[in-house]
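Scroll down for the structure; my scribbles are underneath it.
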Amino acid sequence: MVAAQRPPASTSQDRPDTRTPPRPHRATLARSVRLLRAFRREQHAPADFYRLLARDTVEQVRGYARLDGATVLDVGTGTGFLAREFHAAGARCAGVDLDVEQLTALGSAAGCMLAGSAMALPFQDGAFDVCVSSNVLEHVREPWRMGAEMIRVTRPGGVVYLAFTPWLSPWGGHETSPWHYLGGERAARRYERKYGRPPKNRFGETLHRVTVAEALTWARAQRDVDVLDVIPRYHPSWAKGVVRVPGLREFASWNVVLVLRRRHGAN
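Take the sequence shown: its letter number 58 is residue 58 in UniProt numbering, and every next letter is one higher.
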């Protein structure tokens, strides 16, 4: 079992200034190629892909927040790849996930690992300097409730990094892709006929339709955050503009990141 623990403690005096990041993230074409190659092996060598993605995610977050000494929450931490990389970057990281088996699969990850729901994060308001979630949003029934919880536990001036896979992207159906374009339930039935077992990510149960348009509408409606960036996560920097094109962004973004900053004075 995973014992409940307190989040990594910090005070206003020792918290880093997340407003002044050490360096911007460089999203090069070579980086995109490395991620794509690793992703193509994800079904057969998942640890290699998720380790690479975790390192890349930490580098992306560094572009918006200082991590040395920062308190970080990883929502939907799974087996803790991302928590380990944040720890290696000098942060004090807590992870939360509903799946206790995943939490314990690779042993104790660095920092505090808790069993809990993203719909009601077991932390007080403003507990963290940085709150991140990587590819979890599309797996919860109330994605924007999860987003609101991430904002709640982030301190004023802190950063929220929220990455998800849009439903209409090439990988929107996850292992049932690309047949999800014909409908999520139909894609799941086809997968089960082919492999003799249901997909891990079942449409309407553990996989839900989330769009870029919905994400942008939600983010811009939040009064207690500023939208710092919207990124096609795996693309090089010169392709960033794809997220500004309605319609096209749903198909061409592949994976999208919302980067938000909690406003000072927010309740």
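Glycine included, every Cβ here is placed at the ideal spot set by N, Cα and C. Predicted model only: the values in this text are computed from it and were never measured.
About 7 Å separates the beta carbons of residue 73 and residue 123, which is inside the 8 Å limit, making them a contact pair.
If only uninterrupted alpha helix (DSSP H) runs of at least 4 residues are considered, those enclosed by the segment 29 to 90 are 29 to 40, 46 to 62, 81 to 88. For the set 144, 44, 57, the Cα lying nearest the Cα of residue 31 is the one of 57. Residue burial is scored here from C-beta neighbours: residue 99 has fewer than 16 other C-beta atoms within 10 angstroms and is therefore classed as exposed.
The beta carbon of residue 50 is closer than 6 Å to those of 81 in its chain, skipping five residues each way along the sequence.
Here residue 233 has 163, 255, 257 as same chain residues with Cβ atoms under 6 Å from its own Cβ, once five neighbours each way along the sequence are excluded.
Counting along the chain, residue 157 sits inside the beta strand (DSSP E) bounded by residues 154 to 164. Beta bridge pairing from DSSP links residue 113 with 95.
The beta carbon of residue 55 sits closer than 6 Å to those of 85, all from its chain and outside the five residues before and after it, given in chain order. With 16 or more other Cβ atoms inside 10 Å of its own Cβ, residue 171 counts as buried. Within the model, the alpha-carbon separation for residue 161 versus residue 222 is close to 15 Å.
Excluding five sequence positions before and after residue 145, the CB atoms of its chain that fall closer than 8 Å to its own CB belong to 119, given in chain order. With fewer than 16 other beta carbons inside 10 angstroms of its own, residue 246 counts as exposed.
For residue 48, the number of other beta carbons within 10 angstroms of its own is below 16, and it is reported as exposed. Residue 174 and residue 96 have their C-alpha atoms some 22 Å from each other.
Taking 8 Å as the cut-off, the beta carbon of residue 130 is found closer than this to the beta carbon of residue 65.
Residue range 225 to 232 is occupied by the beta strand (DSSP E) that includes residue 225. Residue pairing by DSSP puts residue 261 in a beta bridge opposite 159, 226.
Put simply, of 121, 176, 79, 204 the residue whose alpha carbon is nearest the alpha carbon of residue 139 is 204. Within the same chain, and ignoring the five residues on either side of residue 201 in sequence, the residues whose Cβ sits closer than 6 Å to its Cβ are 174, 207.
CA-CA distance, residue 220 to residue 227, rounds to 7 Å. Using a Cβ distance threshold of 8 Å, residue 90 and residue 114 do not count as a contacting pair.
Shown here for residue 198: same chain residues with a beta carbon closer than 8 Å to its own, the five before and five after excluded, namely 188, 191, 192 in chain order. Following the DSSP letters along the chain, one finds residue 132 inside the beta strand (DSSP E) bounded by residues 128 to 134.
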